[in-house]
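Encoded as structure tokens, the structure appears first; notes follow it.
Number of protein chains: 4
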Amino acid sequence: MNTFNEQVRDIAHLGHVELLTPKPNESAAFFTNILGMQEVAREGQSVFLRGFGNYESYCMKLTESKEPGIGHTAIRTTSPQALERRAAAIDKSGYGIGWSEGDFGHGKSYQFRDPDGHAMELYFETEKYKAPEHLRPILKNQPQKYTGNGVGVRQLDHINYLAQKVEPTSKFLQDHLGMKVSEQIVLDSGEHAGSWLYSGQKSYELVYTVDSTNSRGRLHHLAFLVDTREEILRAADIYIDNDIYIEGGPAKHAIQQTFFLYCYEPGGNRIEVCTGGYFIYAPDAETITWSQAERARGQAWLTPTISTFHTYGTPVVDK
Amino acid sequence: MNTFNEQVRDIAHLGHVELLTPKPNESAAFFTNILGMQEVAREGQSVFLRGFGNYESYCMKLTESKEPGIGHTAIRTTSPQALERRAAAIDKSGYGIGWSEGDFGHGKSYQFRDPDGHAMELYFETEKYKAPEHLRPILKNQPQKYTGNGVGVRQLDHINYLAQKVEPTSKFLQDHLGMKVSEQIVLDSGEHAGSWLYSGQKSYELVYTVDSTNSRGRLHHLAFLVDTREEILRAADIYIDNDIYIEGGPAKHAIQQTFFLYCYEPGGNRIEVCTGGYFIYAPDAETITWSQAERARGQAWLTPTISTFHTYGTPVVDK
Amino acid sequence: MNTFNEQVRDIAHLGHVELLTPKPNESAAFFTNILGMQEVAREGQSVFLRGFGNYESYCMKLTESKEPGIGHTAIRTTSPQALERRAAAIDKSGYGIGWSEGDFGHGKSYQFRDPDGHAMELYFETEKYKAPEHLRPILKNQPQKYTGNGVGVRQLDHINYLAQKVEPTSKFLQDHLGMKVSEQIVLDSGEHAGSWLYSGQKSYELVYTVDSTNSRGRLHHLAFLVDTREEILRAADIYIDNDIYIEGGPAKHAIQQTFFLYCYEPGGNRIEVCTGGYFIYAPDAETITWSQAERARGQAWLTPTISTFHTYGTPVVDK
Amino acid sequence: MNTFNEQVRDIAHLGHVELLTPKPNESAAFFTNILGMQEVAREGQSVFLRGFGNYESYCMKLTESKEPGIGHTAIRTTSPQALERRAAAIDKSGYGIGWSEGDFGHGKSYQFRDPDGHAMELYFETEKYKAPEHLRPILKNQPQKYTGNGVGVRQLDHINYLAQKVEPTSKFLQDHLGMKVSEQIVLDSGEHAGSWLYSGQKSYELVYTVDSTNSRGRLHHLAFLVDTREEILRAADIYIDNDIYIEGGPAKHAIQQTFFLYCYEPGGNRIEVCTGGYFIYAPDAETITWSQAERARGQAWLTPTISTFHTYGTPVVDK
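Protein chains in written order, with this note's numbering: chain H, 1 to 319; chain Y, 1001 to 1319; chain F, 2001 to 2319; chain S, 3001 to 3319.
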């Protein structure tokens, strides 16, 4: 027992994600009118958006781009010291890019790329959201009014990257950010096909699944949280009556047990709304490994999965 | 068994209600922005509104008035012949007013007042709703797109009148419209304190409860249907963040078992959103009678009821 | 308008169904432990079962048999006179069998077969359920305690037959029972592939869909009602942890908009639990017709359907 | 920013609670048949019980006693080192009792009392649950089958103590266990009336509210988690049909925003089932303070609270 390896938790949570879209107006309309997010600011080719429950000023930077996909992922550390520690560790790894002065809503950040090429940054200083008069909530333990418009997502939940090689990419985040793996898929060949990473009690925030096109740096999907499964079912109704293509769900994942609904936003990126799953309270939780056969069993309720779920990502590549 | 009394059902359903408001703009904003209804037309001092599931063109006529309360209630018959039969029956009763040429969205109607003074009309000819392009639904078995805006009520559900004398008023509808009583409250004194009337499988559409101020012709509340209890819970969140006063609920009624939420719309009328309850399939269902003691037990889950629920109605009177 | 055809409603509702099973013990355990139904009585090779909301004493007679499938369907009329009228009409049609003395829980019945060969009976006299002490409910407008055991189905909802020829079979019920068609599928060839029949405000109780094996008299599925979509999602969890095979759902049908979950009970019959959909209030509702192309679009949310859903029925036949 | 105080998190989570009951058989029947927990073991006068989601072998020890109330609370540390650190800190405080050899299902523990007299212990070594054959789940990321019996609670959620003095008692846990306060009530007099303590991302696990009888060491309630609000509504139905007294809810707390339902178990202890609320992702979250006036506003939806909620606790005392 005395050999238990104590570790300070340096990563607080997934902060925000920059999503790229070739159709900025249509994409912004999707996130505000259909998902019910609030526009916080506009700068250059970007719109900053938030869910009603985000304690920071925003959780998504939507940026016009020739191709859809992921711009960068910003991760908040637990302290200024943690930021310095992790920047030093990544710098040593050779994957570091360097410090930035920060961006709208947050202070200086240390920028790097994961081994698969996804742009990332770490930051600690952040601007906590102060709701303007018309969005001030009645309950003071909620950052913003619940507007009742569209799906009404609470906050950014997780990001699922595609990676050419899952294992070394996941290992990089474990080694240099101190993240842990809650669940993973290991094929009969020994290759890792999926890795779900977490740092606190939320059971995953960053996910890598294998890119069947052998590409690098792509996005599988970005996910937003709602509180109830009924909101997911309601979202499906909202989607069909607004010509939003539903790729999968509502259904329940076997891995992580999340209740999900996948669609494509107008820019082409796959967007999930999700709820449920579980939290990890054990400080010594073991990684759960799904074999190829177990994975082949499908979703929790055996819901058939459309083939594009295993092939489509952004940017789109010729396979 | 051979004495079973066969009866043709002449009343199809509650069609629409005219609600009076001294604050027409604020009330209209409540019904469209908060409840998520659609404005169909405006005529004179009236706005016509609908829920996404109404097969007729509207279910509420909102009319400016010095005082809040109920204008008239329109009830659709099962056939033109039924309309003639019922008009003749009411005419004989002495409570009839006479035929009108109809109103926006429906044909000729026979007007009358119930013994407590509430204005009513019967009609058969009606305009079925044809959604304009932007409200056209994907599913052809639904009259209109689900917009995802605010509470999102499906349709008018029922109306609850206050009456000085419940029993004779309810009896009038039984005798002259052929309605049946699914549940009722009978006090120890023998006085009827509540009567829930129905004509088809829906277990109530018109309700009389006793007016504690001894007034006549008043409204207790108007109720709109949603499909799920989760939508009722969500409505409560929408209400508090939009300064809509919640008078009671979300909770479950003992009588009829409906899951409910009561608020006051800006004009002062009590509005319910409801779901659940049960349908009556037995053609020979017996009236369920609640005694004074049973009624005093409270709502299904013993939820305390605020005293105004038993005293407040519109128009407001000095008690 | 004066040509509107008034019609007395003679059919009250689907009463009960006799389900055949080659595994009587396992099937009974499924209906009581997993679906949460109550056993009311046993007679010969049959067990009589009920949901907590059935006003009659039972809604399913489970009978041991060499093959799974449907025994007979019992339909309650709105009056003794209606029973006589409909018996006479069917007798004239040549599909009649004759009167029976009744069975456990109901009085005399008129027996017949639909043109596809499914055994049916009409009855009016019935035994209303009186809960024994341990099942007595707190709310007097509910026939039985809600036990909280398993899925907890409220009552029988509908039966979906397979038929070699959908149109004439459906037409028979329209002509001789006075039932109406709420929705139907008509293929490009003009052949009817599905017909949803109703008699009151509930939008369907008897359904015919085309038998792809060209067989006659088979069952597609039997459906039980729950009150909420959450209960359907919970049922899926209960199913997987009890090795009950899920064939489809939870998802939302396009036709009728019902939220559904299909499984196979241990005897091999397909069983649905369902909720939602809509009620028909218009006395002059028109039949909604889905074309082949519209049908091919799939379920409401585009959920893929497993192929067995279109081929499997009971008894199983070699195709 | 450099002054940010980094702190190692030593407390992992609330482990289990010993509940005292003068009616051991009736209480055990409540927790197993109504709440749907599993009995894991019996020892002496105690029964050990678990929810389907507990990763440890149990979350409640139910012990026969002359009076209802709380036996002890067991809290798991994040590591063996953390256990030693916290034991040393408490030992120095003068509130320590000393080490025990452990109990069923966990290793050695350090025992102490909070300043209000509630017995507590810290432990690290624990027995992770291995489901027996009949309770083995299909999904390997779940410790146990979901049985579908009764309410079906997932796990212990939190404990709410009554304390004569809230502030110093809460301060003790902050200073010696490193816990943080997410929300609190501070009266106009400056007295603290409630303090919600947390250690990870779950926003509260240990709560102190003021004891209006000026007693010490009492219990306000013990709470169990379910996943959805629909399960809470369903629980209310199960309670009424099983003669379980509902004291409050289903409704939504303003503080913590939890959706709740309170009852009294047969032994007299107040038991909550809860869901919802929010998680704290900010490492620098500030305590939210509710004033006397804000608190007086009531629950989130203004649901009236029965007076016993503010006075009743276990053991019962003469006020």
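Glycine included, C-beta positions come from ideal geometry on N, C-alpha and C.
A quick note: this is a predicted structure, and the numbers were derived from the prediction, not measured.
Cross-chain neighbours of residue i in chain Y, by beta carbon under 9 Å
i: F:Ser-2215; result: Neighbours of F:Ser-2215 on chain Y: none; closest Cβ ~29 Å, over 9 Å.
Within-8 Å CB hit, residue i to chain F
i: S:Thr-3228; result: yes
i: H:Ile-35; result: Here residue 35 of chain H is Leu; the residue named in the question, Ile, does not match the sequence. No, no contact with chain F.
i: S:Asp-3188; result: no
i: Y:Gln-1299; result: no
i: Y:Glu-1006; result: yes
Coarse secondary structure for residue i, derived from DSSP in three states
i: F:Met-2001; result: Only weak support is given to the placement of F:Met-2001: the predicted model assigns it a pLDDT of 39, under 50, and the value that follows is read from those uncertain coordinates. DSSP places F:Met-2001 in coil when its eight states are reduced to three.
i: S:Phe-3322; result: Beyond the ends of chain S as shown, which are 3001 and 3319, falls residue 3322 of chain S; an answer cannot be given.
i: Y:Tyr-1239; result: helix
i: Y:His-1192; result: strand
i: F:Arg-2113; result: strand
i: S:Leu-3139; result: coil
i: Y:Thr-1063; result: strand
i: Y:Asn-1033; result: helix
i: Y:Glu-1183; result: strand
i: H:Thr-287; result: coil
i: F:Leu-2219; result: strand
For residue i, the residue or residues it bridges with in DSSP
i: Y:Phe-1279; result: Y:Lys-1202
i: S:Lys-3128; result: S:Glu-3056
i: H:Thr-77; result: H:Ile-11
i: Y:Phe-1224; result: Y:Leu-1156 and Y:Val-1273
i: S:Gly-3069; result: S:Leu-3020
i: H:Thr-209; result: H:Leu-162 and H:Gly-194
Residue-level contact to chain H via CB, residue i, 8 Å cutoff
i: Y:Tyr-1146; result: yes
i: F:Leu-2083; result: no
Within chain H, the residues that residue i reaches when beta carbons sit closer than 8 Å
i: S:Lys-3140; result: Ile-288, Trp-290 and Glu-294
i: S:Ala-3012; result: Tyr-281, Ala-282 and Pro-283
i: Y:Asp-1237; result: Tyr-146 and Gly-148
i: S:Arg-2986; result: Nothing about residue 2986 of chain S can be read from this structure; chain S reaches only from 3001 to 3319.
8 Å Cβ cutoff, residue i in contact with chain Y
i: S:Ala-3223; result: no
i: F:Gly-2249; result: no
Amino acids of chain S, ordered along the chain, whose beta-carbon sits closer than 9 Å to that of residue i
i: F:Pro-2137; result: Ile-3240 and Asp-3241
Span of the alpha helix (DSSP H) around residue i
i: Y:Ser-1027; result: 1024-1029
i: F:Thr-2169; result: 2166-2177
i: Y:Lys-1092; result: 1080-1093
Closer than 8 Å to chain S by CB, residue i
i: F:Gly-2276; result: no
i: Y:Ile-1244; result: no
Chain Y contact residues for residue i, given Cβ-Cβ distances below 8 Å
i: S:Pro-3266; result: Neighbours of S:Pro-3266 on chain Y: none; closest Cβ ~18 Å, over 8 Å.
Within chain Y, the residues that residue i reaches when beta carbons sit closer than 7 Å
i: H:Asn-342; result: The requested residue 342 of chain H is not part of the displayed model; chain H covers only 1 to 319.
i: F:Thr-2078; result: Pro-1283
Neighbour list for residue i in chain S, Cβ cutoff strictly below 7 Å
i: Y:Pro-1304; result: Pro-3304 and Ile-3306
Start-to-end residues for the beta strand (DSSP E) that takes in residue i
i: Y:Ala-1296; result: No beta strand (DSSP E) contains Y:Ala-1296, which is instead part of the alpha helix (DSSP H) from 1292-1296.
i: H:Leu-122; result: 119-123
i: Y:Leu-1049; result: 1046-1050
i: F:Gly-2098; result: 2096-2100
i: F:Pro-2250; result: 2246-2252
i: S:Ala-3041; result: 3038-3043
Under 7 Å from the C-beta of residue i: neighbouring residues of chain H
i: S:Glu-3183; result: Asn-141
Chain F residues whose Cβ lies nearer than 9 Å to that of residue i
i: Y:Ala-1254; result: Ile-2138, Leu-2139, Lys-2140 and Asn-2141
Within chain S, the residues that residue i reaches when beta carbons sit closer than 8 Å
i: H:Gln-257; result: Leu-3139, Asn-3141 and Gln-3142
i: H:Tyr-55; result: Tyr-3281, Ala-3282 and Ala-3285
- [ ] Closer than 8 Å, Cβ to Cβ, to anything on chain A: give me those residues from the segment 2196-2210 of chain F, in chain order.
- [x] Although the question refers to chain A, the structure presented lacks it and instead comprises the protein chains H, Y, F and S.
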